[in-house]
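Enquirer:
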Amino acid sequence: MPSIATWTPREYMAEIHRRPGSYGLDGSYRAFTTFIAGFHAGSGHTLLAGFREWLIVQVNGGNNLVWEALVLMLAFPTEARPLDVGPIDGERNGTAVAVLFRALDQFLAHHEEHLDGLALIYADHAEWLQRQSWARP
964 MPSIATWTPR EYMAEIHRRP GSYGLDGSYR AFTTFIAGFH AGSGHTLLAG
1014 FREWLIVQVN GGNNLVWEAL VLMLAFPTEA RPLDVGPIDG ERNGTAVAVL
1064 FRALDQFLAH HEEHLDGLAL IYADHAEWLQ RQSWARP
């Protein structure tokens, strides 16, 4: 892997996932999401721009939710209330963390592969909204 100074956000997120202890994290879903939210703020709010909208389309719902809750919906699609972002037990934590980093990787790859990736994400979300009966006047 190249020097940390030249890492892409995608490479950095993969490294955090591989070695959470090196970043002061305990490997919990809450610790990862808090760190990533801080990384997003430190990036001038560019890292996760469009992530919530991308997740809404993936989950096909949750337009009123934050991205952390949307990832849990993606991780536990058959549960009625997967949205508790408090402590999650070992197996559920592993699932939530795996889905979080898989979703982040797919989202960031979309940004890398498409010059207008963010515009495409917002267009997909707008199209999704148009299909919702509650979004029509």
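All residue numbers in the sequence shown are consecutive under the working numbering, ending with 1100. Virtual Cβ for every residue (Gly too), placed ideally from N, Cα, C.
Could you spell out where the alpha helix (DSSP H) holding V1022 opens and where it closes?
Expert: First-last of the alpha helix (DSSP H) with V1022: F1014 to V1022.
Enquirer: Tell me whether the beta-carbon of D1087 lies closer than 7 Å to the beta-carbon of V1020.
Expert: Yes, these two residues count as a Cβ contact at 7 Å.
Enquirer: Taking the alpha carbon of I999 as the point to measure from, which residue in V1022, W1017 and P972 has its own alpha carbon closest?
Expert: For the residues V1022, W1017 and P972, the minimum Cα distance to I999 belongs to P972.
Enquirer: In terms of residue numbering, what span does the alpha helix (DSSP H) encompassing G1080 cover?
Expert: Run containing G1080: G1080 to Q1093, per the alpha helix (DSSP H) assignment.
Enquirer: For E1030, collect the residues of the same chain with a Cβ closer than 7 Å to its Cβ; drop the 5 residues on either side in sequence, then sort them by chain order.
Expert: Looking at the sequence itself, residue 1030 is Trp, so the reference to Glu does not match. Once the five neighbours on either side are set aside, the close Cβ partners of W1030 are L1011, F1014, R1015 and L1018.
Enquirer: At which residues does the alpha helix (DSSP H) containing G1075 begin and terminate?
Expert: The sequence given here has Glu at residue 1075, not Gly. Note, E1075: alpha helix (DSSP H), G1053 to E1076.
Enquirer: Helix, strand or coil for T997? Go by DSSP, reduced to three states.
Expert: If DSSP states are grouped into helix, strand and coil, T997 belongs with the helices.
Enquirer: Going by beta-carbon coordinates alone, are Y992 and I1051 separated by less than 7 Å?
Expert: Yes. Within cutoff.
Enquirer: Check the C-beta distance from V1034 over to L1063 and give it rounded, since I have them as a contact under 8 Å.
Expert: That pair is a contact at about 5 Å.
Enquirer: To the nearest angstrom, how far is it from the Cα of F1070 to the Cα of N1023?
Expert: For F1070 and N1023, the distance between alpha carbons rounds to 16 Å.
Enquirer: Just how far apart, CA to CA, sit A1061 and G1001?
Expert: If you take the alpha carbons of A1061 and G1001, they lie about 19 Å apart.
Enquirer: Express the C-alpha separation of W1097 and S1006 in angstroms, rounding to a whole number.
Expert: Between S1006 and W1097, the C-alpha separation is close to 34 Å.
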